[in-house]
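Only one structure is covered here, and it is reproduced in the block below.
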Amino acid sequence: MGEAASGAAPIIGTVVAKGAFRLDNATVTGNATLFEGATIETKTAESRMELSGGAKILLGTESKARFYGDHMVLEKGGGQLQKASGFRLEARGLTIQPETGNASARVTLTGGARVELAALSGSFRVLNARGILVANVGAGRGLALEPQAGDAATKLTGTLTKVGGHYLLTDETTNVTVELAGQGLAKEVGNRIEITGSMDPTATPVTDASQFIRVTALKHLGKGTGTGAAAAGRGGAAGGGGLALSTTTIAIIGGVAAAATLGGLAAAGKLPGQGSASTISR
Amino acid sequence: MKSAQRIVSLAGAVFFGLAALAALRLAVAETIFRQDTAEAIKRAIAIVGPAAAFEQRLAEVDAPNARHALEQAVAANPRASAAWIALGLIEESDGEFEAAERSLSEASRVDRQYLPVWTLANFYFRRANREKFWVLADRAASPTYDDFRPLLRLCDEFEPDPNRMLSHFRDVRRMQPPYLNFLIGEGRLGAAEQVAKGMWNDRANDPLLIDLADREVRAGNPIPAIELWNAASGFRPLDPSQGRVLTNGDLARAPLNVGFDWRMVEAEGVAESWRPSELVFTFSGSEPEACVVLEQTIYFVPRHFRLRFDYLTGAVAPSGVRWALDSTAGPPLGASDRWREAAFDIPRTRGLAHLRLVYQREPGTTRTAGRIEFRNLRLEYTP
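Protein sequence lines, in the order shown, are assigned to chains A and B. FYI, the numbering for the first sequence is 50 to 331, going by my numbering. FYI, the numbering for the second sequence is 449 to 831, going by my numbering.
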């Protein structure tokens, strides 16, 4: 994009808006040079950030974010990442990073501590404040995530498999695979179950899993691989969009509650302020 | 003659027919354009041909093809500065800097307003072209724009030395106040002092200079603070070496609540007021058990000072009111239904300290109620 002028604050790109916006608390109309750590705040006009690293970010109306060369911190409202390869978004203690090049996603902060993520293309990983993987969100899927106070118990739903003597479960909502240990798992292999437990940070999970969970409670949901509420996680576009809110599966992992957003990417309307299409109940 | 009339009539009919057709085509195109999708806008363009407004909107809704649309826009209307700007920014993003410079320069040529100049200045900043940047920065500092901070940020990145930075502007006096504000906002008081020195002769700058003095006081920089204060406050100049360290002791002016003047500190349950030559404090009985109600920051030289003052209490005299230097308090003031001279011996100190009027509930009493007034405060050397 440009060269550092005097070596003071690195230039990371440009910001363009069809109207006025606030740049580091100063009012700017039209466009401006973006420095490392700059804060952009929008009112009635969206702003488009084009970063030297290639990422393009659309910051919605009534939104606020701080920008760095390799990441942004969304403080208010919502934004859309485009060509986000190598770029990450942080919001409310969560880190959202693309897994694939040319990935794009919409991220919106809604009431409470909730972060809504809709992957438009490519897939994204979501990490909690400790860097633990809490969700994999593929293209066309939407998730509402909400960090929980304290050490919330892990709660996951999926089909139990056994690979090389290890019990694995891929959560239907977050698409995160964990290794399980506990009583009663052997007879549930191949069945759809809901487990409650806690992460054991001292145990190393097998390669395919990101966490090792010690199961404290297990609920049998059905024989064989089920779809059930998981359909909600596929988004309304794929799942028909007609599911009632009560059928949305809630997962809790790494201290973060997650629920698929109804409509998923069908909610591809306006950026910020779009209605929440999911509930997270505790 | 008649045939000529017929020809004219026919020509008129054809002209109006064509005009009506053109108007109809435009109306249809407008209607389609309002659907605001890339396809609709393309259809509208197909009906009326390239139109800058249509092409510009197409560039916004069809980002992958924005560049082509903007090229069409400026071809249709070479005076469309917004299209030139958008095109220039895309060309810059694509690494085509010469093309970008041409487009952005064209925008500033056809439109002398702020945005094209500001955009081109930013471009030269990003390209580290100092020579052209300063020319544009000077042009961008136009009277029509009131928030110079983004421009000053760029200027400051190129030239952090305040005097050299200002030398790039033809109208230095115009740039000084916003630049001083900018530097104060950045917390760069040393640089702000340099700018402030060039502003002393214009009384319109006094509020800014007083603000800077206040920040210097808060930052614990007494020497520049006194210099600024003396230049801008309008009070009798402070001169610590001569023992002149108290401001507004005669209370002739309402306290400014900044810098070296009195600060009337709001305390719950205490009403504070100034009238020429006097300060009045009324305690309601619901004030905190201990609170500061008045304060002045003073730069002391290492000598003994005594505060002399006159005071008067109302029919109900408050108890527990006393003077203090920072946390060292003097004795409480007794009741006096007539103006009475009293003194507070200042503990020996040096540098910045806070002379305070405080209330501290007396042991064995309830919180106080009553009124006390002050006038004629002097801070004098003592042997």
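Note that CB positions come from ideal geometry on N, CA and C, so glycine has one too. Values in this document were obtained by computation on a predicted structure and should not be read as measured data.
query: Name the chain A residues whose beta carbon is nearer than 9 Å to that of Pro598(B)?
result: Leu72, Asp73, Ala75, Thr76, Val77, Ala81 and Thr82
task: Can you give me the Cβ contacts of Ala287(A) inside the same chain, cut-off strictly under 6 Å, excluding the 5 residues immediately before and after it?
output: Confidence is the limiting factor: at Ala287(A) the pLDDT is only 32, short of 50, which leaves the residue's position unreliable and the question unanswerable from this model.
- prompt: Nearest chain A C-beta to Leu563(B) closer than 7 Å, yes or no?
  reply: yes
query: Can you check whether the CB of Ala523(B) is closer than 7 Å to the CB of Ala531(B)?
result: no
query: Name the chain A residues that come within less than 9 Å of Trp566(B), Cβ to Cβ?
result: Val77, Thr78, Gly79, Asn80 and Ala81
- prompt: Which of the three DSSP states, helix, strand or coil, is assigned to Pro608(B)?
  reply: coil
query: Applying a beta-carbon distance threshold of less than 7 Å, which residues of chain B neighbour Ala65(A)?
result: For the record, residue 65(A) in the displayed sequence is Val; it is not Ala. Simply Leu537.
Interface partners of Ile60(A) on chain B, CB under 7 Å: Arg574
- prompt: Residues in its own chain within less than 6 Å of Phe753(B) by CB, not counting five upstream and five downstream?
  reply: A distance below 6 Å between beta-carbons, with the five flanking residues on each side excluded, links Phe753(B) to the following residues of its chain, in chain order: Ile794 and Leu827.
Residues bridged to Lys211(A) (per DSSP): Tyr216(A)
message: Are the CB atoms of Ser734(B) and Glu99(A) within a distance shorter than 7 Å?
response: no
query: Among residues of its own chain, excluding the 5 on either side of Ser295(A), which ones have a beta-carbon nearer than 7 Å to its beta-carbon?
result: Residue placement at Ser295(A) is flagged as unreliable, the pLDDT there being 36, under the threshold of 50; a coordinate-derived value is accordingly withheld.
task: Output the distance between the C-alpha atoms of His120(A) and Ala154(A), rounded to the nearest integer angstrom.
output: 14 Å
Distance between Val175(A) and Val164(A) (C-alpha atoms, nearest Å): 11 Å
query: Mind pulling the chain A residues with CB within less than 8 Å of Asn570(B)?
result: Thr63, Asn80, Ala81 and Thr82
- request: Please state if the CB of Glu503(B) and the CB of Ala517(B) are separated by a distance shorter than 7 Å.
  value: Glu503(B) is positioned such that its CB atom lies closer than 7 Å to that of Ala517(B).
- prompt: Just the Cα atoms here: how many angstroms apart are Ala639(B) and Phe617(B)?
  reply: 17 Å
- prompt: Is it the case that the Cβ atoms of Glu111(A) and Gly126(A) are separated by a distance below 7 Å?
  reply: yes
message: When you compare the stretch 783 to 791 of chain B with the stretch 662 to 682 of chain B, are there three or more beta-carbon pairs, one atom per stretch, that lie closer than 8 Å?
response: no
field: Three-state secondary structure (DSSP) of Gly799(B)
entry: Correct three-state label for Gly799(B): strand.
message: On a Cα-Cα basis, can you pick out the residue from Val496(B), Val706(B), Phe481(B) and Asp698(B) that is closest to Leu660(B)?
response: Val706(B)
- prompt: Which first and last residues belong to the beta strand (DSSP E) in which Ala66(A) is found?
  reply: Ile60 to Leu72
message: Measuring straight from C-alpha to C-alpha, what distance separates Leu600(B) and Glu549(B)?
response: Their Cα atoms are separated by approximately 22 Å.
- prompt: Which residues, in order along the stretch 725 to 757 of chain B, keep a beta-carbon less than 7 Å from a beta-carbon of chain A?
  reply: none
query: If you draw a straight line from the C-alpha of Pro59(A) to the C-alpha of Gly103(A), how long is it?
result: 16 Å
Neighbouring residues, chain B, relative to Glu99(A) (Cβ below 7 Å): Ser541
- request: Check the DSSP bridge columns for Asn80(A) and list the partner residues they point to.
  value: Note: Asn80(A) is bridge-paired with Val65(A) in the DSSP secondary-structure output.
task: Please confirm if Asp609(B) has its CB atom under 7 Å from at least one CB of chain A.
output: no
message: On the CB-based measure, 16 or more other CB atoms within 10 Å of its CB, does Phe463(B) come out buried or exposed?
response: exposed
- prompt: Of all the residues that make up the stretch 470 to 484 of chain B, which are near chain A by a beta-carbon distance shorter than 9 Å?
  reply: none
task: Give a yes or no on whether the minimum CB-CB distance between Asp559(B) and chain A is below 7 Å.
output: no
field: Identity of the residue in Asp774(B), Phe822(B), Pro736(B) and Ala700(B) nearest Glu714(B) by Cα
entry: Pro736(B)
query: Roughly how many angstroms separate the alpha carbons of Thr337(A) and Asn80(A), rounded to a whole number?
result: In this structure chain A extends from 50 to 331, so residue 337(A) is not present and cannot be described.
- request: Give the single residue among Phe70(A), Ala167(A), Leu270(A) and Ala114(A) whose Cα lies nearest to the Cα of Asn185(A).
  value: Ala167(A)
- prompt: Counting pairs of Cβ atoms below 8 Å between the stretch 765 to 784 of chain B and the stretch 643 to 660 of chain B, do you hit three or more?
  reply: no
- prompt: To which residues of the same chain is Arg115(A) closer than 6 Å at the C-beta, ignoring the five residues directly before and after it?
  reply: Sequence-distant Cβ neighbours of Arg115(A) in its own chain, meaning closer than 6 Å and more than five residues away, are Thr88 and Val122.
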